[in-house]
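A.B. asks: Going by this note's numbering, the sequence shown opens with residue 580, and the numbers climb by one from there.
We treat Cβ as the ideally placed atom computed from N, Cα and C, and that holds for glycine.
Got a structure for you, questions after.
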Amino acid sequence: MVLSLAQGLLVSTEIFAFTLLFALPLGLLIAFGRMSKIGLVRQIFRIYISIMRGTPLMLQLFFFYFGPYYLLGIPLNKLGLFGVEYRFISVIIGFSLNYAAYFAEIYRAGIESIPVGQYEASSVLGLSKSQTFFLIIFPQVVKRIIPPVTNEVITLVKDTSLAFALSVMEMFTIAKMEAAAHTTMVPFIVAGIFYYIFNFIVAWAMERLEKSLNYYR
580 MVLSLAQGLL VSTEIFAFTL LFALPLGLLI AFGRMSKIGL VRQIFRIYIS IMRGTPLMLQ
640 LFFFYFGPYY LLGIPLNKLG LFGVEYRFIS VIIGFSLNYA AYFAEIYRAG IESIPVGQYE
700 ASSVLGLSKS QTFFLIIFPQ VVKRIIPPVT NEVITLVKDT SLAFALSVME MFTIAKMEAA
760 AHTTMVPFIV AGIFYYIFNF IVAWAMERLE KSLNYYR
C-alpha cells in the first residue's frame with residue numbers, strides 16, 4: 580500500500596513540477612497583457628483571468644480533456660504525446676492555465692507596487708525599458724511576491740488531488756482505490772501524511788528563499 584501511494588506521490592509531484600514550470604512564466608506574460616496600454620488587449624486578458632478564477636478548476640480539467648472530442652471531433656486516443664496519455668497532458672494544461680491566472684495577478688500587484696520614480700531614474704541613467712524591468716524592477720517584484728506565491732504553491736500541492744477527476748493515477752486516486760479494496764481509512768491517513776510532508780518541504784524551501792532575499796536585514 581505504501582509503495583503504491585509513493586508511486587502516486589511521484590505522479591502528484593510531476594503535476595506540481597510541470598504546473599510551476601509552465602504557469603510561472605505564462606503568468607508573467609499574462610500580467611504584461613493585463614497591464615497593456617492597448618485597451619482591447621488589456622480587456623481580453625482581464626476576461627481570461629476572470630474566467631480562470633471564476634470557474635472551478637475541476638470543470639476546467641473536464642473542458643480541456645473532453646473539449647477536443649466534443650468541439651473538434653478529435654479522438655482522445657490520438658492526442659497523446661511522446662507516449663504520454665492525453666489525460667495527463669490535459670491535467671497539465673488545465674492546471675497551468677488556471678494557476679497562470681492567479682500568478683498573473685500576483686505579478687501585476689508586485690509590479691504596480693514599485694514606485695514610478697524608479698522607472699524615471701532608470702530612464703535618466705540611460706537604461707532601456709527591458710533593462711529597467713529585468714535589472715531593476717523584476718528583482719524587487721520577486722522579493723515582494725514570495726509570500727503570496729508561497730500560498731499559491733502550497734494550494735497547488737493540495738489541488739493535485741483534483742487530477743482524480745480524469746482518472747490520473749496520482750496519490751489521492753490510489754488512496755481511494757486502496758481504501759475501497761481493503762475497506763479501511765489507513766490509505767487516506769497515509770496520503771494525508773504524504774501531503775503534509777510535501778507541503779512542509781515546499782513551505783520550508785519557500786521560506787528559505789524569502790530569507791535569502793531579505794538582504795537588507
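Starting from Glu789, trace the alpha helix (DSSP H) in both directions and tell me its first and last residue.
C.D. replies: Run containing Glu789: 765-792, per the alpha helix (DSSP H) assignment.
A.B. asks: Run the CB neighbour count on Gln773, radius 10 Å, all protein chains shown included, and call it buried at 16 or more, exposed below.
C.D. replies: What sits at residue 773 in the sequence shown is Phe, not Gln. Burial call: buried.
A.B. asks: Determine the direct distance from the alpha carbon of Leu660 to that of Lys755, and round the result to whole angstroms.
C.D. replies: Approximately 28 Å, taken between the alpha carbons.
A.B. asks: Going by DSSP, name the residue or residues bridged to Val663.
C.D. replies: Beta-bridge pairing links Val663 to Leu660.
A.B. asks: I need the DSSP call for Val620, collapsed to helix, strand or coil.
C.D. replies: The answer is helix: DSSP assigns Val620 an H, G or I state.
A.B. asks: Given this structure, state the Cα-to-Cα distance separating Ile768 from Gln622, to the nearest angstrom.
C.D. replies: Approximately 45 Å between the Cα atoms of the pair.
A.B. asks: What does the Cβ neighbour count give for Ala679, buried or exposed, with the cut at 16 atoms within 10 Å?
C.D. replies: Label assigned to Ala679: buried.
A.B. asks: If you draw a straight line from the alpha carbon of Tyr665 to that of Leu640, how long is it in whole angstroms?
C.D. replies: When rounded, the distance between both Cα atoms is 12 Å.
A.B. asks: With distances taken between CB atoms, is the gap from Thr598 to Ile671 smaller than 8 Å?
C.D. replies: Yes, Cβ-Cβ distance for Thr598 and Ile671 is below 8 Å.
A.B. asks: Going by C-alpha distance, which of Leu735, Ile668, Tyr648 is nearest Ala782?
C.D. replies: Nearest of Leu735, Ile668, Tyr648 to Ala782, Cα basis: Leu735.
A.B. asks: If you drop the 5 nearest sequence neighbours on each side, which residues of the same chain put their C-beta closer than 8 Å to that of Val732?
C.D. replies: Leu599, Val781, Met785, listed in sequence order.
A.B. asks: Taking all protein chains shown into account, decide if Ser791 is buried (16 or more other Cβ within 10 angstroms of its Cβ) or exposed.
C.D. replies: By the 10 Å Cβ count, Ser791 comes out exposed.
A.B. asks: Report yes or no: do three or more beta-carbon pairs, one from the segment 625-634 and one from the segment 588-597, lie closer than 8 Å?
C.D. replies: No: fewer than three Cβ pairs fall under 8 Å.
A.B. asks: Straight-line CA distance for Thr592 to Met614?
C.D. replies: Using only the alpha carbons, I get a separation of about 32 Å.
A.B. asks: Less than 8 Å between the C-beta atoms of Ser669 and Tyr648, yes or no?
C.D. replies: No; because the gap between Cβ atoms is not below 8 Å, this pair is not in contact.
A.B. asks: If Phe682 and Gly606 are in contact, beta carbons under 8 Å, what's the gap, nearest whole angstrom?
C.D. replies: About 3 Å separates the two Cβ atoms, so the contact holds.
A.B. asks: Taking the alpha helix (DSSP H) that Val720 belongs to, which residues open and close that run?
C.D. replies: That run of the alpha helix (DSSP H) goes 717-738.
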